[in-house]
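> According to the working numbering, the sequence shown is numbered sequentially starting from 143. Virtual Cβ for every residue (Gly too), placed ideally from N, Cα, C. Here it is, the structure, as structure tokens.
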Amino acid sequence: MAARTDTFDLAPLHLRAGEGRRMELEVPMAPLQLGGDRYDVTPARVPVVLDVSRMTGGGWSLRLRFHADVHGPCMRCLADASPGWDVDAREIEQAGGGPELDSPYVLGEVVDVAAWARDALALAMPQQVLCTPDCAGLCPECGERLDDLPPDHAHERAPDPRWSVLNELKFD
Ligand SMILES: [Zn+2]
Ligand SMILES: [Zn+2]
């Protein structure tokens, strides 16, 4: 069974330089707020694979992989959408190695797996959450989902008021 965890302590692994370990964890993921809407992440506890290697000099090389779905309204047509993404993220942590080698998700020897997974998922997601990649959105006239309507869906144009003026002219 994978352990349920928000954070993961590297110290008890007792890894020496060049050694690595693969951990399978279940990480609870908070909902994401996008464009004023709430998107729940499913499953509630996302199974993740965390690869840990101890580098020479005492640093850590970390890789986090998982698949997660988000569930919420399609940003074009408001129908239920639950697209999913594969996430593959890496971090390097080397104490005293400068900002490039200072992972925001590693404090001492504790990895904030939940915060890392959430940020990595947000980065992997496109700008728009859609029910289908080519969702046609809503008809601007009647507000129905265009994907639910026949392809020739159209509305009678209201007659241009300028024509009625012409109709009142009398041509003798
Ligand atoms: Zn849609
Ligand atoms: Zn319409």
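Along the beta strand (DSSP E) that carries D179, what are the first and last residues, could you check?
As a first step, residue 179 is located in the sequence shown; it is residue number 37 there, counting from the start. Here the beta strand (DSSP E) through D179 covers 179-184.
> For ligand 1, enumerate in chain order all residues having a CB closer than 6 Å to any of its heavy atoms.
Qualifying residues, in the order they occur: C216, R218, C219, A221, L272, C273, C277.
> Kindly identify the DSSP beta-bridge partner or partners of P215.
Mapped onto the sequence shown, residue 215 falls at position 73. DSSP output for P215 lists D222 as bridge partner(s).
> For R196 and R164, I'd like the C-alpha separation in whole angstroms.
Position 54 of the sequence shown, counted from the first residue, corresponds to residue 196. Position 22 of the sequence shown, counted from the first residue, corresponds to residue 164. About 12 Å.
> Under 9 Å, do R260 and D230 count as touching if we go by C-beta distance?
As a first step, residue 260 is located in the sequence shown; it is residue number 118 there, counting from the start. As a first step, residue 230 is located in the sequence shown; it is residue number 88 there, counting from the start. In this structure, D230 does not lie closer than 9 Å to R260 by Cβ.
> Within 10 angstroms of its Cβ, does R126 collect 16 or more other Cβ (buried), or is it exposed?
A question about residue 126 goes unanswered here, because the residues of the chain that appear run from 143 up to 314.
> Using the Cα positions of Q236 and V248, report the straight-line distance between them to the nearest angstrom.
Walking along the sequence shown from the start, residue 236 turns up at place 94. Walking along the sequence shown from the start, residue 248 turns up at place 106. Distance between the alpha carbons of Q236 and V248: 10 Å.
> Can you tell me whether G214 sits near ligand 2, meaning its C-beta is under 8 Å from at least one heavy atom of the ligand?
Counted from its first residue, the sequence shown places residue 214 at position 72. Answer for G214: no, Cβ out of range of ligand 2.
> Let me know if G177 comes out buried or exposed under the rule of 16 or more other beta-carbons within 10 Å of its beta-carbon.
Residue mapping note: residue 177 aligns to position 35 of the sequence shown, counting from 1. G177 is exposed by the Cβ-count criterion.
> Report the three-state DSSP secondary structure of R260 (helix, strand or coil).
Residue numbering aside, residue 260 sits at position 118 when the sequence shown is read from its first letter. Three-state DSSP puts R260 in a helix.
> Would you say E283 touches ligand 2, meaning its beta carbon is less than 8 Å from a heavy atom?
For the purposes of this step, residue 283 is taken as residue 141 along the sequence shown, with counting starting at 1. For ligand 2, at least one heavy atom lies less than 8 Å from the Cβ of E283.
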